[in-house]
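Enquirer: I'd like to ask you about the structure that follows.
Residue numbers (our numbering): 97 to 1019.
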């Protein structure tokens, strides 16, 4: 007879614990889910925006810079004519293109549909036809090309496609060609037109136009690598002593007509233009791309290309410069983003530790009972590890899955490591911390007050070590910025966290002093609520450093992130203002043509225009070298302004203001004009009068004031004088201020002023600084850092209040038996929570402001703010304190603490006191 199955003596531990406290397990799972998601989505987001930025930089660069252009001359004259002709035919060029594409080293790949090949002349040849335009009696100079795929990249608008009638050779004396619409219009060409091309034996080659085509995508590499393919250009003859201009253009021959160019004097060559394929490229491919470009330009890869195309083959490209610019921008932005990541990671770790402390405090008596009945630390820790892993590992995996779904195209391993680190931190530290609290018996009821605690020597040594690390990190960041030669420095990136940590330790040490000082006068008052709340605050555990640390790091991170975003926005506003000079600007590019008074009146009448400042601007004013003026100051910008309107413009746009009277001069025609100068120019000119020669008339000026910055002249040296003193007073530029001026009316007014005048908007100029995915991606991460920092700060407050909630509930129940009213109970809990909340809020404000002030000299935001600007213009973008980022999280901490205290008092008043005051309860 089989023995009956003996039932288990007890239920499984993990299942029992999860059923007993499902709320705590669910809350821990949600927190781990959110933290693991953030830890996994951060590296994926960085990978995604960096990869998108790489592809954007390659695809948006001018094709003339990004294309890999392989060129080789035809075989030398010593070769047989048939051999020379053979290499220039389609059946030789196409296989060579395929072989060149395969020879490119990975990950460097060619976009075959966007690539082209063919034959073209390298030397422009004079066209003597009388019907061709001659601006300065100089004949047009034309080049001739037989590119592949003309019908795929254009549409026929007139005539027919050019074709090769017979097999074209060196002896062929007539071929067909097509031209674009722009070339036909500017050079007066049409179907049937013929151009005689000089040859080496004197018998001209006739190129007959058979069709007019329109490019399908003029910006593509097929048309943009050589702009003359698409449109002719009026160029200046460099060999003429006087300005002489002539037309340059290109005629597009039919396929397989390249051999005819061997007979011309245009020095033909074969070309293959390989457009780079950016599909699927990531940041990890950048080193391979850089080495691949280097090897095909001047390394072993070039030998492979020469084995395919010919011994004199060369490859030219600007792709290496594009990759270098990308790497420098990434190297400047990456460490700034690392600062945000370290801050959020630190505060998340502290909040997870706080959660573990809260769970351990709730289970203190249970585990103490197990310990007293013979439970070992290893056994207790193992059980805690098992139940924690069940509640933590699935949410961490789910957070990783959500991160993968949210950001699809990125590396998986860094995200997996981030989520695993969160799960490991909770699974290991929570059991270890809880079990170590029971490594030795503790006296019940032993006080650990913050006002009575005395820090140990070990704690003092640890605090001093952290202080030295913080000082070193801040000093290193201020001295050399956020980067090192090999990338981001984690110690430097942790500077905000270390500052917050030191501030938390200092505040915890100073915290008892104001409590003692405040408790003495309050003790003499008649009411008991104030004294009791301060006494309760002073009885708080000295282990309250953790909540305060979490709050200060979270508030510092939120303030730092908000200040980064503010600094970026301010830098873009300032750069756009320096470029445009006002909200809108009407001017001609390098033109000194005056703007009529009627145009000024029309601009003033435009809807949305608040004010108009007419300015006469003349660039490149020569400064005579004297004994007092250094000869390296050769040019400056002269600005003739209306003092009143220009002073209003400076005040309205936030530029350095100046009194309009600074430009006032005395009566008389022969006088010295007071001028406002840039600092460098004022220093070099000195205080003596100087004569300035300009197209507006010769004037004598004396520096009367110095302005570090002014409108519309960028970073150049400038002199500002009263326009009324100039011989030619007509304004050349109108600086318009107004919130939302009607752009259409402004452009109509500019067209009335003349064809050379255009409208430049400050808002449009500002958008130019935000044109890369790397900038927008980094800004999104900092926005998320601000939100996450504020969220973790509020969560830290909530956890710290929940940790002492049972004790406060019992206190209210006992005091109600002594006559404490509901209103007094609410005041008691609110007053008890306020000291720590106010300490955290004001401490966060001060620490955030101090952190920004300390780290601002080492944080350069130029790459993050102004990557799309003009690289020749010097700009600055510094870290600036943002009041909203400092104040809003701090106010939220105080409001949440008061709200939680009020809700707890209200909830306690609705419950009876029997459960809280049951017999034998030692709380």
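Glycine included, C-beta positions come from ideal geometry on N, C-alpha and C. For clarity, every value in this text was computed on a predicted model and none was experimentally measured.
1. Kindly list the residues whose CB is nearer than 7 Å to the CB of residue 330, restricted to its own chain and excluding five residues on each side of it in sequence; keep chain order.
2. Please report the residue range of the beta strand (DSSP E) in which residue 217 lies.
3. Tell me residue 818's beta-bridge partners as DSSP assigns them.
4. For residue 951, which three-state DSSP category applies?
5. Would the beta-carbon of residue 824 fall within 7 Å of that of residue 874?
6. Does residue 856 pass the burial test, meaning 16 or more other C-beta atoms within 10 Å, or should it be called exposed?
7. My understanding is that residue 676 touches residue 861, with C-beta atoms under 8 Å, so please give their C-beta distance in whole angstroms.
8. In its own chain, which residues sit with a C-beta less than 8 Å from the C-beta of residue 760, not counting the 5 before and 5 after it?
9. Suppose contacts are defined by Cβ-Cβ distances below 7 Å. Is residue 438 in contact with residue 593 by that definition?
10. Could you name the residues that DSSP lists as bridge partners for residue 368?
11. Could you check how far apart the C-beta atoms of residue 892 and residue 595 are, in whole angstroms? I think they sit under 8 Å.
12. Please classify residue 727 as buried or exposed, where buried requires at least 16 other C-beta atoms within 10 Å of its C-beta.
13. What's the gap between the Cα of residue 925 and the Cα of residue 894?
14. According to DSSP, what are the bridge partners of residue 712?
15. Examine the Cβ distances between the stretch 770 to 786 and the stretch 796 to 804 and report whether three or more of them are shorter than 8 Å.
16. Are at least three pairs of beta-carbons, each pair with one atom in the stretch 341 to 361 and one in the stretch 120 to 129, less than 8 Å apart?
17. Since residue 128 is in the alpha helix (DSSP H), which residue starts that stretch and which ends it?
18. Report the three-state DSSP secondary structure of residue 679 (helix, strand or coil).
19. Would you please state the rounded distance, in angstroms, between the beta carbons of residue 488 and residue 517? I believe it to be under 8 Å.
20. For the alpha helix (DSSP H) holding residue 270, just list the boundary residues, first then last.
21. Since residue 266 and residue 358 are thought to touch, with beta carbons under 8 Å apart, how far apart are those beta carbons, to the nearest angstrom?
22. Apart from the five residues on each side of it in sequence, which residues of its chain come closer than 6 Å, Cβ to Cβ, to residue 435?
23. Give a yes or no on whether the C-beta atoms belonging to residue 155 and residue 409 are separated by under 7 Å.
24. Per DSSP, what kind of secondary structure is residue 346 in: helix, strand or coil?
25. With 16 other CB atoms within 10 Å as the buried threshold, where does residue 104 fall?
26. Should residue 203 and residue 416 be called a contact, given that it needs their Cβ atoms to be closer than 7 Å?
27. Alpha carbon to alpha carbon, what distance is there between residue 989 and residue 1002?
28. For residue 564, which option in 598, 553 and 554 has the closest C-alpha, if you only look at C-alpha atoms?
29. For residue 135 and residue 651, I'd like the C-alpha separation in whole angstroms.
30. Would DSSP call residue 441 helix, strand or coil?
31. Starting from the C-beta of residue 243, find all residues in its chain whose C-beta is less than 8 Å away, skip the five residues before and the five after it, and write them out in chain order.
32. If you draw a straight line from the alpha carbon of residue 208 to that of residue 224, how long is it in whole angstroms?
33. Between the stretch 274 to 288 and the stretch 303 to 318, are three or more C-beta pairs nearer than 8 Å?
34. What do you get for residue 919, buried or exposed, if any count of 16 or more other CB atoms within 10 angstroms of its CB means buried?
35. So, residue 830 versus residue 708, is the Cβ gap smaller than 7 Å?
36. What are the partner residues of residue 768, as DSSP defines its beta bridges?
Expert: So, from the data block:
1. To locate residue 330, count along the chain shown from 1; it is residue 234. So the list reads 231, 341 and 343, once near-sequence residues are dropped.
2. Counting from one through the chain shown, the residue named residue 217 turns up at place 121. Counting along the chain, the beta strand (DSSP E) containing residue 217 begins and ends at 212 to 217.
3. Your numbering for residue 818 matches position 722 in the chain shown. In the DSSP output, where bridge partners are listed per residue, residue 818 has 737.
4. Here residue 951 refers to the residue found at position 855 when the chain shown is read from its first residue. Helix, per DSSP.
5. Translated into the one-based positions of the chain shown, residue 824 becomes position 728. Translated into the one-based positions of the chain shown, residue 874 becomes position 778. The answer is no: Cβ separation not under 7 Å.
6. The count along the chain shown starts at 1 and reaches residue 856 at position 760. Buried is the call here.
7. Here residue 676 refers to the residue found at position 580 when the chain shown is read from its first residue. Here residue 861 refers to the residue found at position 765 when the chain shown is read from its first residue. Rounded, the Cβ-Cβ distance is 5 Å, consistent with contact.
8. Your numbering for residue 760 matches position 664 in the chain shown. Same-chain partners within the cutoff: 739, 770 and 818.
9. Here residue 438 refers to the residue found at position 342 when the chain shown is read from its first residue. Here residue 593 refers to the residue found at position 497 when the chain shown is read from its first residue. It is a contact, given that the beta carbons lie within the stated cut-off.
10. Along the chain shown, read from residue 1 onward, the residue named residue 368 stands at position 272. Beta-bridge pairing links residue 368 to 166 and 213.
11. The residue labelled residue 892 in the question sits at position 796 within the chain shown. The residue labelled residue 595 in the question sits at position 499 within the chain shown. Wrong, their Cβ atoms sit about 18 Å apart, outside the cutoff.
12. Numbered from 1 along the chain shown, position 631 holds the residue referred to as residue 727. In this predicted model, residue 727 has a pLDDT of only 43, less than 50, meaning its place in the structure is not dependable; the value taken from the coordinates is given anyway. Flag for residue 727 reads exposed.
13. Here residue 925 refers to the residue found at position 829 when the chain shown is read from its first residue. Here residue 894 refers to the residue found at position 798 when the chain shown is read from its first residue. When rounded, the distance between both Cα atoms is 14 Å.
14. For the purposes of this step, residue 712 is taken as the residue at position 616 of the chain shown. Answer is 736.
15. yes
16. no
17. Along the chain shown, one-based indexing puts residue 128 at 32. It spans 118 to 156 - the alpha helix (DSSP H) in which residue 128 sits, taken as one unbroken run.
18. In the chain shown, the residue the question calls residue 679 occupies position 583. The answer is coil: DSSP assigns residue 679 none of H, G, I, E or B.
19. As a first step, residue 488 must be located in the chain shown, where it is residue number 392. As a first step, residue 517 must be located in the chain shown, where it is residue number 421. Actually they are not in contact, since the Cβ atoms of residue 488 and residue 517 sit about 12 Å apart, beyond 8 Å.
20. Stepping through the chain shown from its first residue, residue 270 is reached at position 174. Per DSSP, residue 270 belongs to no alpha helix (DSSP H); it is in the beta strand (DSSP E), 270 to 276.
21. Walking along the chain shown from the start, residue 266 turns up at place 170. Walking along the chain shown from the start, residue 358 turns up at place 262. Contact flag correct, Cβ pair sits at about 5 Å.
22. One-based indexing of the chain shown puts residue 435 at position 339. Closer than 6 Å at Cβ, skipping near neighbours: 589.
23. To locate residue 155, count along the chain shown from 1; it is residue 59. To locate residue 409, count along the chain shown from 1; it is residue 313. No, Cβ-Cβ distance for residue 155 and residue 409 is not below 7 Å.
24. For this step, residue 346 is matched to residue 250 along the chain shown. Note: residue 346 maps to strand in three-state DSSP.
25. Within the chain shown, numbered from 1, the residue matching residue 104 stands at position 8. Below a pLDDT of 50, predicted positions are generally treated as unreliable, and residue 104, at 46, falls in that range; the measurement from the model is reported next regardless. Exposed: under 16 other Cβ atoms inside 10 Å.
26. Walking along the chain shown from the start, residue 203 turns up at place 107. Walking along the chain shown from the start, residue 416 turns up at place 320. Against a cut-off of 7 Å, the Cβ pair of residue 416 and residue 203 comes out as no contact.
27. Here residue 1002 refers to the residue found at position 906 of the chain shown. Here residue 989 refers to the residue found at position 893 of the chain shown. Roughly 20 Å separates the two Cα atoms.
28. Against the chain shown, residue 564 aligns to sequence position 468. It is 598 whose Cα lies nearest to the Cα of residue 564.
29. For the purposes of this step, residue 135 is identified with residue 39 of the chain shown, where counting begins at 1. For the purposes of this step, residue 651 is identified with residue 555 of the chain shown, where counting begins at 1. Those two C-alpha atoms are separated by around 19 Å.
30. The residue given as residue 441 occupies position 345 in the chain shown. Looking at residue 441 - three-state DSSP - the assignment turns out to be helix.
31. Sequence index remark: in the chain shown, residue 243 carries index 147 (1-based). These residues qualify, in order along the chain: 212, 213, 214, 216, 318, 325 and 348.
32. Residue 208 sits at position 112 when you count from the first residue of the chain shown. Residue 224 sits at position 128 when you count from the first residue of the chain shown. Taking the straight line from one Cα to the other gives about 38 Å.
33. yes
34. For the purposes of this step, residue 919 is identified with residue 823 of the chain shown, where counting begins at 1. So residue 919 counts as exposed.
35. Within the chain shown, residue 830 is the residue found at index 734, counting from 1. Within the chain shown, residue 708 is the residue found at index 612, counting from 1. Closer than 7 Å, so yes.
36. What you label residue 768 is simply residue 672 of the chain shown in a count that begins at 1. 796, per the DSSP bridge assignment.
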